[in-house]
Amino acid sequence: MPVENSIEVCNVKKTFKVYTDKGSMLKERVIFANRNRHENREILRDISFDVPRGQAVGFIGKNGCGKSTMLKMLSRILKPNEGRISIKGRVSSLIELGAGFHPDLSGRENIYINATIFGLSNEEIDARMDDIIAFSELEEFIDNPVRTYSSGMYMRLAFSVAINVNAEVLLIDEILAVGDVSFQKKCFQRLKDIKEEGVTIVIVSHSMEQLYSICDRLIWIEEGLVREDGEPRLVGMHYLDSMEDERIMHLANQSREMFEDERRRSILQLADKVHPDARRDGTQDVHFTSVVIEDGDGNACFQFNTGDRFVLKIGYRTVHDGIRVNFNMDLVRDNWQYCYGSCFTKPGDELPVLKQEGEVQFIIEELQLLPGKYYLDIGINGEQGELYDNVRNIMQITVRDYVHDEFGPCTFPHQWTIK
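Mapped onto this note's numbering, the consecutive letters of the sequence shown carry residue numbers 588 to 1006.
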């Protein structure tokens, strides 16, 4: 394995036997032999990818596509039918938090059991014990039997053990909704810290915002193959478009053309100048009602100079009071180069509670984009990453061409000197 790669997966295939009606007792299997009919269901057909050391990679795809199966093979819970998987370094798996915990033993005793599963010696566990307990924030309960723990406390303890074993590879499967908001924030920060320390992270999640905030790259699995592998927001956009197209195909008693016309009309109602490539999806429990871009004088504007004031005003409406959401916006160059994005709150922070109708403003005092054409994307997500409303390419803005000594998508205050 090359030194720079922590994980190498080469031409991996995985097949499961799926029984139509398998008898549970020997007598049933003999008398009702016809119940033992099964099919070999191929979950992963031919998967290959490499993960360099210190990179965070996310798997996306619809339920049943093989994301968790791939993660279990990386953690050696399952073996591939064909192909090769090579992993360099100690592996910590956050796939089923608390696997190996004994309900009648105390939290402290279960730390020893769980950390031993991850390959730590008793001396290493003793050295990390205080850090594990402090991170879990369970000092008051650590010597109580874990059967007395709430589900949140149970998950806190298991998460704390898994991320404090000094692993070189960390595997995570849908477990980032751990504990309350403050603990989730601490978990996100801890994951970012260990990533900076050079730990390789592979994560499976349906929350695109979680993946965008942690991952350097997304791998989209579909029908047992890698459909796309690349920059998180670009792959995520293509995946969400595909899911929306699939949803449209399954709409009962409504043709695709009728739905597309309805969705197009809903986008056109948002602004006076909507780009032809605009796409919209989401549950609409919270949805946009208007979008306006203004200049420093308060006039609707689509052309700016570098350094101009940029004001985005977004109207919204909810189906009922009390929904917590996060607003986000992105600017993408017309060559699909991702340039800038911002969220109302950072991952793990407490989200604002909306009234039924209102307006959100996003202001850039000095626009630092260099000349070019840029698409505006806007979105609304819920507490668990639910996609309420998302409009990509809703507008296109132009930054005028007057800068001749700088290149790329953005500018920085700078000074040239010769000595």
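Positions of the beta carbon are idealized from the N, C-alpha and C atoms, including for glycine.
On a predicted model such as this, the values are computed, not experimentally measured, just so you know.
Self-check item: Inter-residue spacing [alpha-carbon to alpha-carbon] between His862 and Leu957
Solution: 21 Å
Practice problem: Report all residues from its chain with a CB closer than 6 Å to the CB of Asn913; omit the five preceding and five following residues, and keep chain order. | Solution: Cys930, Phe931, Thr932, Leu938, Asn968
Practice problem: Taking only the alpha-carbon atoms, compute the straight-line gap between Gln1002 and Asn977 and give it to the nearest angstrom. | Solution: 40 Å
Quiz prompt | Residue(s) in a DSSP beta bridge with Met916 | solution = Ser929, Ile965
Quiz item: Taking just the CA atoms, how far does Asn697 sit from Asn731?
Solution: 11 Å
Quiz item: Does DSSP put Ile719 in a helix, in a strand, or in coil?
Solution: helix
Exercise. Going by CA-CA distance only, name the one from Thr893, Ser747, Leu631, Ser662 that's closest to Ile594.
Key: Ser662
Quiz item: Along the chain, which unbroken stretches of the beta strand (DSSP E) at least 3 residues long are found entirely within the segment 788-826?
Solution: 804-809, 812-817
Quiz prompt | Under the three-state DSSP convention, the category Thr602 falls into | solution = strand
Quiz item: Between Gly811 and Leu631, which are expected to be in contact by the criterion C-beta below 8 Å, what is the C-beta distance as a whole number of angstroms?
Solution: 5 Å
Quiz item: Do you know offhand how far Thr735's Cα is from Gln771's?
Solution: 22 Å
Quiz prompt | the segment 779-798 / the segment 942-954 touching (three or more Cβ pairs under 8 Å) | solution = no
Self-check item: C-alpha gap between Tyr927 and Leu707, whole angstroms
Solution: 42 Å
Practice problem: Helix, strand or coil for Arg852, going by three-state DSSP, please let me know. | Solution: helix
Quiz item: For Thr876 versus Gly902, is the C-beta distance shorter than 8 Å?
Solution: yes
Exercise. Give a yes or no on whether the minimum CB-CB distance between Ala858 and chain D is below 8 Å.
Key: As a matter of chain content, chain D is missing from the structure shown, which is built from one protein chain.
Self-check item: Residues near Cys997 in its chain [Cβ-Cβ closer than 7 Å; skip 5 each side]
Solution: Cys926, Gln955, Leu956, Leu957
Quiz item: Between the Cα of Ile700 and the Cα atoms of Phe728, Glu726, Ala745, which residue gives the shortest distance?
Solution: Ala745
Self-check item: the segment 674-683 contacting the segment 714-733, beta-carbon criterion three pairs below 8 Å
Solution: no
Exercise. Spatial neighbours of Asn792 within its chain, please: CB distance less than 7 Å, with the 5 preceding and 5 following residues excluded, ordered by chain position.
Key: Reading off the sequence shown, one finds Ser at residue 792, where the question assumed Asn. Excluding sequence neighbours, Ser792 sits near Gly645, Glu761, Leu763, Leu798.
Quiz item: Just how far apart, CA to CA, sit Phe722 and Glu710?
Solution: 19 Å
Quiz item: Where in the segment 688-755 do unbroken runs of the alpha helix (DSSP H), each at least 4 residues long, occur, reported from the N-terminal end onward?
Solution: 694-704, 709-723, 738-749
Self-check item: Same chain, Cβ closer than 6 Å to Phe999, five either side skipped, listed in chain order
Solution: none
Quiz item: Under the three-state reduction of DSSP, which class applies to Ser662: helix, strand or coil?
Solution: coil
Quiz item: DSSP on Leu778, reduced to helix/strand/coil?
Solution: helix
Exercise. Check Ile669 in the structure and name its three-state DSSP category.
Key: Here residue 669 is Glu; the residue named in the question, Ile, does not match the sequence. Of the three classes helix, strand and coil, the one that applies to Glu669 here is strand, per DSSP.
Exercise. Measure the alpha-carbon distance for Glu726 versus Leu757 and round it to whole angstroms.
Key: 25 Å
Quiz prompt | Buried/exposed call for Ser769, threshold 16 Cβ in 10 Å | solution = exposed
Practice problem: Return the chain-ordered list of same chain residues with a C-beta closer than 6 Å to the C-beta of Asn915, the five sequence neighbours on each side being excluded. | Solution: Cys930, Gly966
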